[in-house]
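Since the structure comes first, as structure tokens, the remarks are kept for the end.
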Amino acid sequence: MDNSKYRNQILKLVKPYYDEADKGDFSHNSDHFFRVEALAKKMAKEENADLEIVEASSLIFDVARLLEDKGEVSDHAEKGVEIAREILDKIGFPSEKIENVCHSILSHRRSRDRVPETIEAKILRDADYLDAMGAVDIPRMIASCLQSEKYKKPIYVDIPYDENKEMEHVSMIHFLLYKLKHPKHQPGNFYTSLGKMLAIERFEYMKEFAERFISEWHGEK
Numbered sequence: 053m054d055n056s057k058y059r060n061q062i063l064k065l066v067k068p069y070y071d072e073a074d075k076g077d078f079s080h081n082s083d084h085f086f087r088v089e090a091l092a093k094k095m096a097k098e099e100n101a102d103l104e105i106v107e108a109s110s111l112i113f114d115v116a117r118l119l120e121d122k123g124e125v126s127d128h129a130e131k132g133v134e135i136a137r138e139i140l141d142k143i144g145f146p147s148e149k150i151e152n153v154c155h156s157i158l159s160h161r162r163s164r165d166r167v168p169e170t171i172e173a174k175i176l177r178d179a180d181y182l183d184a185m186g187a188v189d190i191p192r193m194i195a196s197c198l199q200s201e202k203y204k205k206p207i208y209v210d211i212p213y214d215e216n217k218e219m220e221h222v223s224m225i226h227f228l229l230y231k232l233k234h235p236k237h238q239p240g241n242f243y244t245s246l247g248k249m250l251a252i253e254r255f256e257y258m259k260e261f262a263e264r265f266i267s268e269w270h271g272e273k
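So for the sequence shown, this note's numbering puts the first residue at 53; every next one is plus one.
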């Protein structure tokens, strides 16, 4: 994986945030940043995107997630932009690229109806959403069920899923079924060609896992 000359400086300054994240829910610990970074850099090569922007945004974008989970901020993306500006100014990051990094961080959060406008922002959105899909996301969801005060729930409750009702909080498997219906996880909604390809594979894995889990629960397999 190609690294820029700014990477180690960024990692030094985000370490306090990573250390705090590593004390809590496994689903959003420091490994999440590094998986997103690896995916984003693969996409950046294919899309001829700016590696420095993609790298910086990948390493910073979720640093304020824990603050939001604790109720200390209302929007971790907005707070992440504030933190990013401080970090990038401090390390002498190219000033002409800072706005793109901040836009990427701000727009990675679809739930606020933000739309990524640059290829680097689209790459971060794709990479972040891919990390919430596939085999890697199964233990992430289990971890949230068991470790997170905010997202704690049973692994499964034997109640049929009804997409016309709010059932994502019933159990981890219900949340997985909810994700399979959510627009952000539909492969056709990804921006990059690599993102779409990987999303298809990860979506199918999640679908198969959910179906097999319920079948095994009922002794059918």
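For each residue, glycine too, the CB sits at the ideal point set by N, CA and C. Nothing here was measured: the structure is a model prediction, and the numbers come from that model.
Distance between beta carbons of residue j and residue i, contact taken as under 8 Å
i       : j       : result
Arg-164 : Ala-136 : Going by Cβ atoms, the distance from Arg-164 to Ala-136 rounds to 17 Å, so no, they are not a contact pair.
Ala-96  : Val-106 : 4 Å
Val-188 : Ile-157 : With a Cβ gap of about 22 Å, Val-188 and Ile-157 do not count as contacting.
Lys-205 : His-221 : 6 Å
Phe-85  : Asp-114 : 7 Å
Ala-251 : Leu-182 : 6 Å
Ala-73  : Leu-111 : 12 Å between Cβ atoms; not a contact.
Tyr-208 : Trp-269 : 6 Å
Ser-267 : Lys-273 : 4 Å
Tyr-70  : Ser-82  : 4 Å
6 Å Cβ shell around residue i - same chain, five flanking residues per side excluded
i       : result
Tyr-243 : Lys-174 and Asp-178
Arg-254 : Met-185 and Gly-186
Met-193 : Met-224
Ser-159 : Arg-166, Pro-168 and Ala-173
Asp-180 : Val-88 and His-160
Ser-245 : none
Arg-162 : Lys-236
Cut-off 7 Å between Cβ atoms - residues of its own chain near residue i, not counting five sequence neighbours on either side
i       : result
Ser-196 : Asp-77, Ser-79 and Tyr-203
Ala-108 : Tyr-58, Ile-62, Leu-140, Phe-145 and Val-153
His-155 : Glu-169, Thr-170 and Ala-173
Val-125 : Ala-116, Leu-119 and Lys-131
Asp-121 : Lys-202
Glu-215 : Lys-233
Asp-54  : Lys-93 and Leu-103
Ile-190 : Phe-261
Burial state of residue i (16 or more Cβ within 10 Å)
i       : result
Lys-93  : buried
Ala-90  : exposed
Glu-104 : buried
Pro-168 : buried
Gly-123 : exposed
Ser-147 : exposed
Gly-271 : exposed
Asp-102 : buried
Asn-99  : The question names Asn, but residue 99 in the sequence shown is Glu. So Glu-99 counts as buried.
Gly-240 : exposed
Same chain only: Cβ atoms within 8 Å of residue i, ignoring 5 sequence neighbours per side
i       : result
Ala-262 : Ile-225, Leu-228, Leu-229 and Leu-232
Met-219 : Ile-211, Tyr-213, His-226, Leu-229 and Tyr-230
Leu-198 : Lys-204
Validate contact between the segment 141 to 150 and the segment 53 to 62 using beta carbons, cut 8 Å, 3 pairs: With the cut-off at 8 Å, the segment 141 to 150 and the segment 53 to 62 touch.
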